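As structure tokens, the structure follows; a few thoughts come after it.
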Amino acid sequence: MAYDDPKTPFLPVNDRSQPSSPPPPPFSLKSMATLKNFCILLGPLLCAVICLCVTFDGPTTSRNMLAVTAWVFAWWLTEAVPMPITSIAPLFLFPLFGIASADGVARSYMDDVVTLLLGSFMLVLAVERYNVHRRLALNITLRFCGEPVSPPFLLLGICATTAFVSMWMHNVACAVMMMPVATGILQRLPVNPTDGSARAATPINNFCRAVVLGVTYAAPIGGMSTLTGTGVNLILAAIWKSSFPEAKPISFNTWFFFGFPLALLIFLALWVILCLLYLSKGSSMALAAYLDKAHLKRELDILGPMAFAEKMVLAVFGTTIALWMTRSITEDIPGWGALFHGRAGDGTVSVMVATLLFILPNGKQKGEKLMDWNECKKLPWNIILLLGAGFAIADGMQSSGLADILSKALDFLEQVPYIAIAPVVCLISAIITEFITSNDAAATLVVPLLSQMARTVNVHPLALMVPGAIGSQLAFMLPTGTPPNIVGFTTGHIDIMDMMKTGLLLKIVGTAIVSLLMPTLGGLQ
1 MAYDDPKTPF
11 LPVNDRSQPS
21 SPPPPPFSLK
31 SMATLKNFCI
41 LLGPLLCAVI
51 CLCVTFDGPT
61 TSRNMLAVTA
71 WVFAWWLTEA
81 VPMPITSIAP
91 LFLFPLFGIA
101 SADGVARSYM
111 DDVVTLLLGS
121 FMLVLAVERY
131 NVHRRLALNI
141 TLRFCGEPVS
151 PPFLLLGICA
161 TTAFVSMWMH
171 NVACAVMMMP
181 VATGILQRLP
191 VNPTDGSARA
201 ATPINNFCRA
211 VVLGVTYAAP
221 IGGMSTLTGT
231 GVNLILAAIW
241 KSSFPEAKPI
251 SFNTWFFFGF
261 PLALLIFLAL
271 WVILCLLYLS
281 KGSSMALAAY
291 LDKAHLKREL
301 DILGPMAFAE
311 KMVLAVFGTT
321 IALWMTRSIT
331 EDIPGWGALF
341 HGRAGDGTVS
351 VMVATLLFIL
361 PNGKQKGEKL
371 MDWNECKKLP
381 WNIILLLGAG
391 FAIADGMQSS
401 GLADILSKAL
411 DFLEQVPYIA
421 IAPVVCLISA
431 IITEFITSND
441 AAATLVVPLL
451 SQMARTVNVH
461 PLALMVPGAI
471 GSQLAFMLPT
481 GTPPNIVGFT
491 TGHIDIMDMM
501 KTGLLLKIVG
511 TAIVSLLMPT
521 LGGLQ
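Going by full-length UniProt numbering, the final residue of the sequence shown carries number 525, and the count climbs one at a time with no gaps.
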């Protein structure tokens, strides 16, 4: 129904001229006995069992918080209730169980980090609307193609473009936008991507596998570089801010100086793995007849010259990055944020430039702006609400005393060296994301616990929180691990064995890189 049309009634009008629909089947208790309904009841049942059977040496709110957390995560893991609806459950559960007031829990859903994500998504929609991402991808890939074609460098160009785009927008949106660009390049190759398991391992088929896997994995890897690249990074920043309000918050700038070198090393490992597994010496000769610079130039010519609207979006995009990077530079060079006495955050920049999109003209028609509200109806509210739920649960664990109780159970870890804890934490988070739930939900579950664990083992909290957060993004082995995995798998160019083989190697190498760089990068120790 077109609710925006003023002529359309809000409530539907019955048309007696239309044939009536058949009556619904009679209600029966047997029809209610479904697996989905059992999963719906599982959340309240777990909550009731914990409230009746569990006791803590502490306030009653700590037990209630554990019960509510079990309820919420039971619904998240089973998806018995849509994830966005589960994400707003703390809004009524926390007040009813005495954990927080209605106003208190509602504030968690509109944090500076949430506004940062909200404004960033509006900027992504503007980039999509004017095909800026496609023009950027073709231009960069054209530089790497080579003449004659060099498969390793062409693969590097496609993957590097994906990783670069993912640095400035959410990795799911990046994968969705970049996969058609990658498969469009592969369309000139003589392959039939209908049943990946049945195709022979020819140089051309292997190159297609490498490209699709490269785009699939480069999106989350590139997103690790910046605070807005993945929801996990934002969750980490928000939980750090709520758990340690007296500490310096994780800004876009400070995360970049840690996340970019880390992502760069994992990206290079991805490229080397793909080259070793899928690109043979005969790849160049096999691809030369089908793929060259002329094809890429034709794709670019179809887009035509850069329009005024594209230039304006690029200008806003560049301004946003510059403002994020210069808000807080160093202690000696405070950045422009000092002019506002620290009151302006990264979310301030994000929402400000998003507002500009609705003010600046697009040059197509008189009075038409770069963005209109109809485009914003595509905003991924499920991610925004999930992020808010993560903040609410983190705040609830702190205020209820549950975080302190859980941390006492980890006293034995004081005897374990940190060098052994970091890779284990990273792998546990990756396994949870791979087999149980999404990376955002995994980070929401694991990171608050790790902040308390760090206090127990006497290390800087970020030294465990960061491996846990990064580990939840290393889910590369199964199609259901992350949304970008699903995007790549549905192209038909790869099968599960391709993902298992490549993903396992990348997970091991990524965990090793995170563990080795944690003591030396970012000033975390």
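Beta carbons are placed, not taken as given, at the ideal position from N, Cα and C, and that holds for glycine. None of the values given here were measured: they were computed from a predicted structure.
Following the DSSP letters along the chain, one finds residue 467 inside the alpha helix (DSSP H) bounded by residues 462-471. One alpha carbon belongs to residue 157, the other to residue 35, and they sit about 46 angstroms apart. For residue 79, no alpha helix (DSSP H) encloses it, and the DSSP letter there is neither H nor E. Pairing residue 506 with residue 434 gives a Cβ-Cβ distance that is not under 7 angstroms.
The stretch 418-429 makes contact with the stretch 460-469, as at least three CB pairs between them are under 8 angstroms.
With three or more CB-CB distances shorter than 8 angstroms, the stretch 91-102 counts as touching the stretch 48-64. Apart from the 5 residues on each side of it in sequence, residue 225 sits with its Cβ closer than 6 angstroms to the Cβ of 167, 259, 260, 263 in its chain, given in chain order.
By alpha-carbon distance to residue 286, the top candidate from 204, 453, 65, 253 is 204. Contact between the stretch 385-401 and the stretch 107-117 is present: 3 or more CB-CB pairs across the two stretches fall below 8 angstroms.
The stretch 309-322 makes no contact with the stretch 71-87; the number of CB pairs closer than 8 angstroms stays below 3. Annotation: residue 342 is outside any alpha helix (DSSP H) and is labelled neither H nor E by DSSP. For residue 64, the CB contacts under 8 angstroms within the same chain, skipping 5 residues up- and downstream, are 51, 97, 98, 99, 400 in chain order.
In the structure shown, the three-state DSSP call for residue 484 is helix. Non-local beta-carbon contacts of residue 515 in its own chain, meaning distances under 8 angstroms to residues more than five positions away in sequence, involve 419, 422, 423, 426, 467 in chain order. Counting along the chain, residue 336 sits inside no alpha helix (DSSP H), nor does DSSP assign it H or E at all. Per DSSP, the beta bridge partners of residue 369 are 361. Considered as a whole, the stretch 142-178 harbours 151-168 as its complete alpha helix (DSSP H) runs of no fewer than 4 residues, in chain order.
The residue from 295, 268, 155 with its alpha-carbon nearest to that of residue 513 is 268. Following the DSSP letters along the chain, one finds residue 128 inside the alpha helix (DSSP H) bounded by residues 112-129. For residue 249, the closest alpha carbon among the candidates 256, 257, 238 is that of 238.
Residue 357 and residue 126 do touch by the CB rule: their CB atoms are close to 5 angstroms apart, below 8 angstroms. Annotation: the stretch 197-260 contains the following complete segments of the alpha helix (DSSP H) (minimum length 4 residues), in chain order: 203-223, 231-243. The three-state secondary structure of residue 400, taken from DSSP, is helix. An exposed status is given to residue 272, since fewer than 16 other beta-carbon atoms sit within 10 Å of its beta-carbon.
Counting along the chain, the unbroken alpha helix (DSSP H) around residue 502 starts and ends at 496-517.
Here residue 241 is buried: its Cβ has 16 or more other Cβ atoms, across all protein chains shown, within 10 Å. The Cβ-Cβ distance between residue 231 and residue 387 falls below 7 angstroms.
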